[in-house]
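Worksheet: one structure, shown below.
There are 2 protein chains.
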Amino acid sequence: MEAALRLFARHGFAAVSMRQIAAEVGVQAGALYNYIPDKQSLLFDLMRGHMEALLAARAERPKGGSALARLEDFTRFHIRYHLARPDAVFVSYMELRSLSPENFAVVEGLRRQYEDELESILRAGEAEGSLSAADPRIAAMAVIAMLTGVTTWYRAAGRLTVDQVEGIYWDMVRKSVSV
Amino acid sequence: MEAALRLFARHGFAAVSMRQIAAEVGVQAGALYNYIPDKQSLLFDLMRGHMEALLAARAERPKGGSALARLEDFTRFHIRYHLARPDAVFVSYMELRSLSPENFAVVEGLRRQYEDELESILRAGEAEGSLSAADPRIAAMAVIAMLTGVTTWYRAAGRLTVDQVEGIYWDMVRKSVSV
DNA sequence: GTCTATATAGGGATAGAC
DNA sequence: GTCTATCCCTATATAGAC
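Quick note, the sequences are listed as chains A and B, same order. With the first letter of the first sequence counted as 1, position 98 gets the number 97 in numbering that gives the first Met the number 0; the numbers rise by one all the way through. With the first letter of the second sequence counted as 1, position 30 gets the number 29 in numbering that gives the first Met the number 0; the numbers rise by one all the way through.
Pasting the structure below:
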């Protein structure tokens, strides 16, 4: 699974062969079929696993507090979690179109759950009077797109630590939905 | 070219065969080689063409005015331009890894030029005292990610017009880099 | 400029020996 | 549980007729 994830992230699902994955772990291609029924299932398991782990990790975060506090927690959590597993993020985002329709629907449903939490935080902030988003649904999509984008340029060897990146993005997110 | 772009956007470069592209326009696969030397060149021409057209369209926009006015123009331009050609945007973003190293370097250079303009607008705003970005380079990447994300959810048949979307995003962008 | 036919390579998946 | 060998299919790209 790890080898497949790495190769899919680097070259794309369709461009990676079962033979390449097998070679990466030192077996012949046929041996992989003792663990997975087919290549599509392999991709689906990786993507569903990533989304379920994301939701599970998110569910462990505090749910109380002000909308502003919850928004900050969401922002910092998202950046930390995504920067820690760039391959899974990349594959889960780029290979949606490689999923069969039924598998796509499942992964899309999980993604939707994640987006919904942010939307509800923004709505709560609006009700509180502490936040202001012209359209909470779109603001949620905009914030997630902005935050996820960090995975495209961040390098651990670069000039910024994850903490610093969190701070910069939190500053922008906070202002973008401020009253 | 149009058929290839559409198919690449839908299924991915590696997943689309020359036979599929040929069938889409009603010829046999071999006939395509009268127009392109190979499949890689086809992808490269599409991506370079998109980035060069983007830069050319951007170069025609007004360059003077306050940083705030230039930021608003950049924001609205980006959304309008990208929503008008979702397939080209999608392919140019998702298929970077399908390019040969030399072709990747060219496309990446063009993309960098586009990002640089936004970064320089933010720096000008900082100098003017009208904008405030903790880190102009990262703020530029964050804003572009946020804006480009609109292509993943926008549907012309949905509840919002492009004008309304522009307004919502401009409001968020403006606030996110406000003093 | 397009066709048919093909060269050459590699794909996913399975069978059966060990 | 892995191997070798293979089935069957499809891929990119080219050759040569028309």
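For each residue, glycine too, the CB sits at the ideal point set by N, CA and C. This structure is a prediction, so every number in the text was calculated from the model and none was measured.
Amino acids of chain B, ordered along the chain, whose beta-carbon sits closer than 7 Å to that of residue i
| i | result |
| --- | --- |
| A:ALA133 | ILE167, ASP170 |
| A:MET145 | ALA141, ALA144, MET145 |
Neighbouring residues, chain A, relative to residue i (Cβ below 8 Å)
| i | result |
| --- | --- |
| B:MET93 | MET93 |
Interface residues of chain A facing residue i [CB-CB closer than 9 Å]
| i | result |
| --- | --- |
| B:ALA30 | Those within 9 Å of B:ALA30 in chain A number zero; the least Cβ separation is about 24 Å. |
Contacts of residue i in chain B (Cβ-Cβ under 9 Å)
| i | result |
| --- | --- |
| A:GLY11 | GLY11, PHE12, ALA13, ALA14, MET93, GLU94, ARG96, SER97 |
7 Å Cβ cut-off: residues of chain A touching residue i
| i | result |
| --- | --- |
| B:GLY108 | Ordered by position in chain A, no residue passes the 7 Å Cβ test against B:GLY108, which lies about 15 Å from the chain. |
| B:MET140 | GLY148, TRP152 |
| B:MET17 | Going along chain A, no residue has its Cβ under 7 Å from B:MET17, so there is no contact; the nearest lies around 14 Å. |
| B:ILE137 | ILE167 |
| B:SER177 | LYS174 |
Nearest-angstrom Cα separation, counted from residue j out to residue i
| i | j | result |
| --- | --- | --- |
| B:SER177 | A:LEU117 | 23 Å |
| A:VAL172 | B:ASP162 | 23 Å |
| B:ARG9 | A:ALA14 | 15 Å |
| B:LYS38 | B:MET17 | 7 Å |
| B:ASP134 | A:ASP170 | 11 Å |
| B:GLN112 | A:GLN19 | 36 Å |
| A:MET50 | B:ALA52 | 36 Å |
| B:LYS62 | A:TYR32 | 59 Å |
| A:ALA132 | B:GLY166 | 12 Å |
| A:ILE78 | B:THR160 | 31 Å |
| B:TYR34 | B:ALA2 | 14 Å |
| A:GLN27 | B:PHE12 | 27 Å |
| B:GLU114 | B:SER91 | 15 Å |
| B:SER40 | A:ARG110 | 35 Å |
| A:VAL24 | A:THR151 | 27 Å |
| B:TYR80 | A:LEU4 | 34 Å |
| A:GLY157 | B:ALA56 | 33 Å |
| B:PRO188 | A:ARG75 | Chain B is shown from 0 up to 178; residue 188 of chain B falls before or after that span and cannot be answered. |
| A:ALA22 | A:PHE7 | 14 Å |
| A:ALA87 | A:LEU42 | 11 Å |
| A:ILE137 | B:VAL164 | 9 Å |
| A:VAL149 | A:GLY29 | 38 Å |
| A:GLU59 | A:ASP72 | 12 Å |
| A:GLY108 | A:ALA139 | 16 Å |
| B:ALA182 | B:LEU54 | Not covered by the structure: residue 182 of chain B. The range shown for chain B is 0 to 178. |
| A:LEU130 | A:ILE120 | 9 Å |
| A:SER175 | B:LYS174 | 5 Å |
| A:GLY128 | A:TYR168 | 22 Å |
| B:MET0 | A:PHE89 | 27 Å |
| B:LEU70 | A:PRO36 | 52 Å |
| B:PRO85 | A:THR147 | 20 Å |
| B:ALA155 | A:TYR153 | 33 Å |
Near the ligand FAD: residue i beta-carbon under 7 Å from a heavy atom
| i | result |
| --- | --- |
| A:HIS81 | In the structure on display, the ligand FAD does not appear, and there are no ligands present to speak of. |
- Is it true that the stretch 93-101 of chain A meets the stretch 41-50 of chain A, where meeting means three or more beta-carbon pairs spaced less than 8 Å apart? yes
- Item | Residues in the stretch 109-122 of chain B having any Cβ partner in chain A nearer than 8 Å | none
- Query: Are at least three pairs of beta-carbons, each pair with one atom in the stretch 62-72 of chain B and one in the stretch 115-135 of chain B, less than 8 Å apart?
  - Reply: yes
- Message: I want to know whether the stretch 101-115 of chain A touches the stretch 135-150 of chain B - three or more CB-CB distances under 8 Å.
- Response: no
- Residues in the stretch 57-83 of chain B with C-beta within 7 Å of chain A's C-beta atoms, listed in sequence order? none
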